[in-house]
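Numbering-wise, our numbering comes out as the position in the sequence shown, counting from 1, plus 9.
Virtual Cβ for every residue (Gly too), placed ideally from N, Cα, C.
These notes concern the structure reproduced below.
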Amino acid sequence: VSGRAGDFVSYGGKSYFLIHPSPSPAREGSPSPPPPLPYFFLPDFDVVAFPNDSAHPFKVMDELVYKEIQNVDVVGNETFMMARRHWDMVSDIHNPLYSVSPVNLYRIAGGRGGTPEADRTLARLRSLSGKPPDLLMLESYDCGALLSSLFSEGFTTRYHLGVTAQAKKSYEGLSGSVSWGPPGTVSRQFTLFRFLGGGWEPVSSQTVTNR
10 VSGRAGDFVS YGGKSYFLIH PSPSPAREGS PSPPPPLPYF FLPDFDVVAF
60 PNDSAHPFKV MDELVYKEIQ NVDVVGNETF MMARRHWDMV SDIHNPLYSV
110 SPVNLYRIAG GRGGTPEADR TLARLRSLSG KPPDLLMLES YDCGALLSSL
160 FSEGFTTRYH LGVTAQAKKS YEGLSGSVSW GPPGTVSRQF TLFRFLGGGW
210 EPVSSQTVTN R
C-alpha cells in the first residue's frame with residue numbers, strides 16, 4: 010500500500026484506488042446506519058467512460074492523473090477535463106497539450122486558433138460568465154453566429170434559410186467543426202484519448218452522424 014494516506018495499491022504494474030462510499034442518510038426515528046466500509050476498486054476494463062453532468066469525473070480524473078494510473082484509455086467530453094487543476098492543461102495555447110486536448114475549449118477550428126478575433130471573443134465570454142466557457146456555451150455562441158451569417162445572405166423565408174444552410178455544408182466555430190448533410194443530419198468527430206507518460210495522446214477518431 011502506498012500513496013498519501015495509503016489509499017491505493019499497486020499490483021502487477023497497475024494501480025487500484027480506494028473508494029470511500031457516501032454514508033446512507035439516517036431516517037427519522039431510526040438509529041443511524043453504520044458507516045459504509047471503504048473498498049478497493051479492482052477494475053477489469055478496456056476503456057474508462059466519463060459521463061457528462063456528473064461529479065464522478067472530477068474524482069476519477071484526480072485518481073488517474075495524480076496517482077499515476079496510466080495506460081488506461083478514456084473516453085468522454087469536456088466535463089472530465091474541467092476538474093480542478095486540469096484547466097491550465099488545456100487553456101494555454103503555448104502548452105504542447107493544447108493541440109491534443111480531449112476538449113475543444115480554446116481550440117478554434119478551421120486554422121483560426123490563436124487569432125486576435127477568436128481570443129477577444131473567448132475573453133468576452135469568460136468575462137460575461139465569470140468562468141471559462143464550457144462546451145455548451147461555445148456551441149450556443151456558434152449557433153447564434155451561424156444564424157447571423159445566414160441572415161447576412163439576405164434570405165426572407167425559412168425555406169431560403171434551409172437552402173442557404175445546405176449550400177454551406179459546414180461551419181467552423183469556437184466549439185469545433187460542424188458539418189451537415191440532408192435535412193436533420195449533423196456530423197461531429199469524437200476522439201478517444203489516453204493519458205500516458207504525463208500527457209494526453211489521441212488513440213483513434215470517429216465521425217458520428219446524428220439524425
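Measuring straight from C-alpha to C-alpha, what distance separates leucine 137 and proline 192?
34 Å
Looking only at its chain, what residues have a beta carbon closer than 6 Å to the beta carbon of tryptophan 189, apart from the 5 residues adjacent to it on each side?
Around tryptophan 189: Val195.
Within the continuous beta strand (DSSP E) that includes serine 179, where are the two ends?
First-last of the beta strand (DSSP E) with serine 179: 179-182.
So does glycine 38 have its beta carbon nearer than 7 Å to some heavy atom of the ligand MN?
This structure simply doesn't include the ligand MN, nor any ligand for that matter.
Would you grab the beta carbon distance between leucine 183 and alanine 127 for me? Rounded to a whole angstrom, and I think it's under 8 Å.
Contact annotation, leucine 183 with alanine 127: C-beta distance approximately 7 Å; criterion of less than 8 Å satisfied.
Rounded to whole angstroms, what's the CA-CA distance from glutamate 181 to threonine 216? Just pull it up for me.
So the alpha carbons of these two residues sit roughly 16 Å apart.
Suppose the cutoff is 6 Å on Cβ atoms and the five residues either side in sequence are ignored; what does the same chain contact list for leucine 155 look like?
Tyr180
Inter-residue spacing [alpha-carbon to alpha-carbon] between glutamine 175 and tyrosine 150:
20 Å
Secondary structure at threonine 130, three-state DSSP: helix, strand or coil?
helix
Does DSSP put serine 213 in a helix, in a strand, or in coil?
strand
Could you tell me if leucine 131 is buried or exposed, where buried requires 16 or more neighbouring beta carbons within 10 angstroms of its beta carbon?
buried
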